[in-house]
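Residue numbers (full-length UniProt numbering), protein chains in the order written: chain A, 1 to 300; chain B, 1 to 300. All C-beta atoms, glycine included, are put in the ideal place defined by N, C-alpha and C. These notes concern the structure reproduced below.
Protein chains: 2
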Amino acid sequence: MTSNIGWEYYRTFLAVLAEGSLSGAARALGITQPTVGRHISALEASFKQALFTRSQTGLLPTEAALAIRGHAELMRSTAAALERMATGFEGGVTGTVRVSASEVIGVEVLPPMLAQLRQVHPQLKIELVPTNRVQDLLQREADIAVRMMPPKQDLLVARRAGEVELGLYAHLDYLQQHGMPVTPADLTRHALIGFDEETPFLRAAKAKLPVWTREAFSFRIDSDVGQLALIRAGCGIGVCQSALARRDARLLRVLPEHFAYKLDTWVTMHEDLRGSPRYKVTFDALVLCLQAHTEPVPES
Amino acid sequence: MTSNIGWEYYRTFLAVLAEGSLSGAARALGITQPTVGRHISALEASFKQALFTRSQTGLLPTEAALAIRGHAELMRSTAAALERMATGFEGGVTGTVRVSASEVIGVEVLPPMLAQLRQVHPQLKIELVPTNRVQDLLQREADIAVRMMPPKQDLLVARRAGEVELGLYAHLDYLQQHGMPVTPADLTRHALIGFDEETPFLRAAKAKLPVWTREAFSFRIDSDVGQLALIRAGCGIGVCQSALARRDARLLRVLPEHFAYKLDTWVTMHEDLRGSPRYKVTFDALVLCLQAHTEPVPES
DNA sequence: AATCTGCTATACATTTATGTATGACATCAA
DNA sequence: TTGATGTCATACATAAATGTATAGCAGATT
């Protein structure tokens, strides 16, 4: 008794949810407003349930609409993943691979490696998704993910790529002006750069360095790239990957013996992508790249 | 640049994969053969990739078709889950809940509880999926699952419902005819009932009771219900939940001090189902039922 | 107050998808 | 061999979905 609700309609449903109006969804989808209206009506008729409370200023989703949103989104990302896998299957390294990584990794570490990879495989297309959300792989939002924690799911292929060291850093200009802290307590007199949201990482950092609390931050920004930019601009003291700070001689380590934190780096992908060469090639290249990045450099 | 491949076509694709022919898929879907052919052609055109090698005796899936199968199936189960969630959302306990449990639990333990549940909530519909596969929840093949192992995934709501005790049992008739074993070594002279496939459980059992190997089994069957039936019929000695064996006074424990095994029981469901009352009601009822089932009875 | 813009809903035309009918070919059984 | 059955492919008719045009309404702007 497989029911007969068109899967297509869920795509329209998501657009209405995102745009907030039938007309807006129609524009976004490249179809017309009456069609969108008919799709929503069809869904509501099938479900015997209102999905939106209509008004002339737009549509407001009902509780039911919000409840099924997650499922509809999973359908969308699954459809996207399916297309990625289906296109460019003729054996060579062709087609699109979607890589998810933390912002700072995606912006500072991966680009050179991706450029090189594309030089070797010109047919390969890369979609880079810089995000700190972890759940992508299960939702099929990305094919391969670079993560700072071991995978909890066992239908994933995972490889450890070393560990990145985090430390406190500040720009030379800033330190010349404000002085180099010598004890953790000195930090209270400095401009600190940190996250806005309470993250598990932040709690861990707080345990090591009691001064490092949300209230103490002069700059609060939920983006590691943003933090790095602030550090580089000499705004204050912040957490940064040592391997990145090392690239700029004017970024100096602050309180190295009081704050050091290491994060495991993992590259993961779905098991069922193993068969297709382009995923394997990208996966291996990512592992190599990150191993190089996390490799401790000898003191020179 | 959201591509324009119709999601509907994946449903047709799955039917062709399952039936092995356009005509068969058409019959299964209640549409006509030319339509099915057109859908497949449309997919192949979009992917620039053959999905089936056509012959007059049927269609053979290509490697590409097999590769995207998993994704298409995820879309189907997601669509089904979405419909389940969307229908019967008017606050009360209405609509369908899909419960997955091991065969023996589904057949021997749950039915009375489900009957009672439906007496309290007549509008509730239950789909029972008796299977030993674990992966259902992530694939949205079931809403709630009863499992014998703690959940590894963290977007699940999970509650422990006690532990079931497993022991060796045989029917009185069998034991009168063949005698009661007194040492583990005696088992070699008996008819043993066990699994056909090597499972983690089997390996664990082997560690405790070296005799308990696949080669020693006189009856090999990959169904716990089937094993129970064989034990009840007096075919030999097999593993069975003590709580089930206790119901029939003619089922006697064999070598109780040499073989005892306890399995944690967990009831799990997706986080996002918590909002809808019917899932919560069913979840709670399952937990209660299994707690009663796993509760050790006082010796009388 | 009047006008403009943006939204939904409806009537009608058109395009698109589906169904019907049939042909060509292969396989199996008598 | 011959007929029966099952398959896919194609031409044509029909049904269904979409697009076009327009009306009606609410809020913002002048």
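Contact annotation: A:LEU155 and A:GLU271 have beta-carbon atoms nearer than 7 Å. Per the DSSP secondary-structure output, B:VAL129 pairs in a beta bridge with B:SER100. Along the stretch 2-81 of chain B, the alpha helix (DSSP H) occurs as fully enclosed runs of 4 or more residues at 8-19, 22-29, 33-47, listed in sequence order. Rounded to whole angstroms, the separation of the alpha carbons of B:LEU60 and A:GLY95 is 24 Å. Secondary structure of B:HIS190 (DSSP, three-state): coil.
Near chain B, meaning a CB-to-CB distance below 8 Å, the residues of the stretch 132-153 of chain A are GLN135, LEU138, ARG140, LYS152, GLN153. Ranked by Cα distance from A:ARG274, the options B:ALA42, B:SER102, B:ALA67, B:GLY20 are led by B:ALA67. In this structure, A:MET148 lies away from A:LEU290, with their beta-carbon atoms at least 7 Å apart. Between the C-alpha atoms of B:ALA170 and B:GLN227 there is a straight-line separation of about 11 Å. For B:MET269, no alpha helix (DSSP H) segment is defined; the enclosing uninterrupted segment is the beta strand (DSSP E) at 261-270. DSSP, reduced to helix, strand and coil, places A:HIS171 within a strand of the structure shown.
Distance from A:MET75 to A:TYR10 at the Cβ level is roughly 5 Å; contact confirmed, criterion being Cβ atoms closer than 8 Å.
Proximity of A:HIS293 to chain B, defined by a Cβ-Cβ separation below 7 Å, is not satisfied.
Note that the C-beta distance between A:LEU192 and A:GLY236 is below 7 Å. Apart from the 5 residues on each side of it in sequence, A:LEU172 sits with its Cβ closer than 7 Å to the Cβ of ARG250, LEU252 in its chain, given in chain order.
About 54 Å separates the CB atoms of B:LEU168 and B:PHE47; that is not less than 8 Å, and the two are not in contact.
In the same chain as A:THR78, and ignoring 5 residues on each side of it, the C-beta atoms closer than 8 Å to its own belong to ARG140, in chain order. The beta carbon of A:THR94 does not come within 7 Å of any beta carbon belonging to chain B, so the residue lies off that interface.
Chain-order list of chain A residues neighbouring B:LEU74: LEU74, MET75, THR78, ALA81, LEU82, ARG140, by C-beta distance under 9 Å. About 5 Å separates the Cβ atoms of A:VAL225 and A:VAL104, confirming a contact at the 8 Å cut-off. Using a Cβ-Cβ cut-off of 7 Å, A:GLY275 is close to ALA67 of chain B, given in chain order.
Note on A:THR12: 16 or more other CB atoms within 10 angstroms of its CB, so buried under the neighbour-count rule. The three-state reading of DSSP puts B:CYS289 in helix, counting H, G and I together.
In the structure shown, the three-state DSSP call for A:GLY162 is strand. A:VAL146 has its alpha-carbon roughly 5 Å from the corresponding atom of A:ALA101. Counting along the chain, no beta strand (DSSP E) covers B:GLN119; the unbroken alpha helix (DSSP H) around it starts and ends at 110-120.
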